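A.B. asks: First, the structure itself, so that you have it in front of you.
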Amino acid sequence: MYLFALTLAAFAVQTDDFVIIGVLPAIAADLGVSTGAAGQLVTVFTLVYALAAPLSAALLGRLDRRTLLAGALILFCAANFVVPLVDSYPLLMALRVVAALAAATVLPAALALATHLAPEGATGRHLATVMAGMTGAIVLGVPAGTWVGAAFGWRATFVLGGALGALGLLALLTWLPRTTLDRPPSPRGLLTAPVLKVLAVTVAAVAGNLAFQTYLATFLAGLSGVTPAVLGVLLVVAGLAGIAGARLAGTVIDRIGAHRAFAAAAAVFALVMAVFAVVWSARPVPLWLTVPLLVVWSAAAWAVPPAIQALMLARAGQEHATAAMAVVSSTVYLGAAAGGAAGGLLVGMSPGAVPVFAAACALVAVGLSRT
C-alpha cells in the first residue's frame, strides 16, 4: 500500500501544476488581469519547480523520507486551501510559488522512494506506477478540476488540489514506513558522463514529444478535421492509452532493462511520428486511421519517462536516487520548453513538419542513449 500512497501523492501535486489551465479565463476576469498574465501562474509554478527540485534534493537529503514527504504535503495543502481567502493576483502568485516548492520536494522523493522500497526485479514497475499517477493527473485530474471550477468557481479548483494533497498525506502517514537513505545524496555523484548523457537523452526525447503534444489540436484539425468536441474525446482516449503505456513500460523495464525499454518505446514513437508526417500529405485522413495512431503515440510517449527514470537510476546509483530524480524532473521542463518553442516555429510553417521534428528528436535520443 505504500506504493499507492506515493502514487496518490504524485497524482495530487501533478494535478495542481496543470489543473488551473481550464479556469484561467475565470481567474483573469475575477482578479482584473489579462488571460496571459493569469497564464503566468502556470509558468511560474513550472519554473520554480525546475529550479527548486535539485536544491531540495541536495539540502533535505538527510531527512527521513516519511517526514520529508509529510511536511512538503502539509505545505502544499496549505498553499491551496488558503486560495479562497485571496483576492489579489500577487498573493495568488505567491501561493503558487509555495505550492511549487512543495511539489519540487514531493515528486522526486516519491519516485526515488518507490525504487528504494521496490523488491528486487520490480524497480521498473514501481517507477512506472508512480509515473502512471502523474499521467492520470493530466487525464483525470485536470478535467475534474475544470469541471469543479465551472460548477463552484475557480477557487474551488484549488480546494480540490488541497483535498487531493490531504488524501495523499493521510495515505503516506498510514502506509509509508520511516525510511532514510543509506547515504545522503551528493550532487557530485551526478557529475559523470553517463549521467549527463541521460540528461541529454531526456531533453531530446521530451522536446520531440512536447513539440507534437503542444500543437496536437492544430495538427489533428488539419489532418482529420477534428472539432473541439471530438478532440476532447480523443484526448481522454489518448490519456488512457498513456496510462496503459506507462504501466506496461514498468514490466518491460524489469524484463529487458531500462536501455532496451527506452530504445523500444522511442523507436515506436518515432515510427508513429513518421507515419503522421506521411499521411499529412494525404489529408483529410479518416478517424479510423487517426485514432489508432493517436493511441500508439500516447502509449509510446508515456512509456518513455519511466524508462528514462530507470536509466538515470542505473547510471547514477541508488545512493543518489533522490538527487537523480530531481535533476531529471528539472531537465524534463527544459526539454518541454525547447519542444514548445520549436513546435511553435514549425507549426507556423506547416503542422506536418512537427511530427518530422518529433521523430528526429526521438532518434537522436536513442543514439545518445547508446553512447
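Letter by letter, the sequence shown follows residues 84 to 454 of my numbering.
Ideal Cβ positions, reconstructed from N, Cα and C, are used throughout, including at glycine.
Only a predicted model underlies this, so the values are computations on that prediction, with no experimental measurement involved.
Could you compute how far the alpha carbon of LEU331 sits from the alpha carbon of LEU323?
C.D. replies: Each residue's alpha carbon lies about 12 Å from the other.
A.B. asks: Under 8 Å between the Cβ atoms of SER364 and GLY435?
C.D. replies: Cβ atoms of SER364 and GLY435: closer than 8 Å.
A.B. asks: Sorted by chain position, which residues of the same chain lie with C-beta nearer than 6 Å to GLY325's C-beta, five sequence neighbours on each side aside?
C.D. replies: THR218, SER381, TRP385.
A.B. asks: PHE94 to VAL222, Cα distance in whole Å?
C.D. replies: Whole-angstrom Cα-Cα distance: 11 Å.
A.B. asks: Within 10 angstroms of its Cβ, does PHE235 collect 16 or more other Cβ (buried), or is it exposed?
C.D. replies: Burial call: exposed.
A.B. asks: So, with DSSP's three-state summary, where would you put VAL351?
C.D. replies: Reduced to three states, the DSSP call for VAL351 is helix.
A.B. asks: Going by C-alpha distance, which of ARG453, GLY232, LEU377 is nearest PRO167?
C.D. replies: Selected option, being the one with the closest Cα: GLY232.
A.B. asks: Flag this pair as yes or no: are the beta carbons of ALA201 and THR405 separated by less than 8 Å?
C.D. replies: No, these two residues do not count as a Cβ contact at 8 Å.
A.B. asks: Between THR334, ARG453, ALA246, VAL378, which has its C-alpha nearest LEU318's C-alpha?
C.D. replies: Residue VAL378 is the option with its Cα nearest to LEU318.
A.B. asks: Beta carbon of ALA220, beta carbon of GLN97: below 8 Å?
C.D. replies: The answer is yes: Cβ separation under 8 Å.
A.B. asks: According to DSSP, simplified to helix, strand and coil, what is GLU203?
C.D. replies: DSSP places GLU203 in coil when its eight states are reduced to three.
A.B. asks: Taking SER413 as the reference, which of LEU255, THR285, VAL439, ALA211 has the closest Cα?
C.D. replies: That would be THR285, whose Cα lies nearest to the Cα of SER413.
A.B. asks: Whole-angstrom Cβ separation of THR212 and LEU86, contact assumed at under 8 Å?
C.D. replies: That pair is a contact at about 6 Å.
A.B. asks: Could you tell me if PRO438 is buried or exposed, where buried requires 16 or more neighbouring beta carbons within 10 angstroms of its beta carbon?
C.D. replies: Label assigned to PRO438: buried.
A.B. asks: Residues in the same chain with beta-carbon distance under 6 Å from VAL131, minus the five sequence neighbours each way, listed in chain order, please.
C.D. replies: Within the same chain, VAL131 has close Cβ partners VAL180, ALA183.
A.B. asks: Quick one: Cα of LEU143 to Cα of ALA92, how far?
C.D. replies: Roughly 18 Å between the two C-alpha positions.
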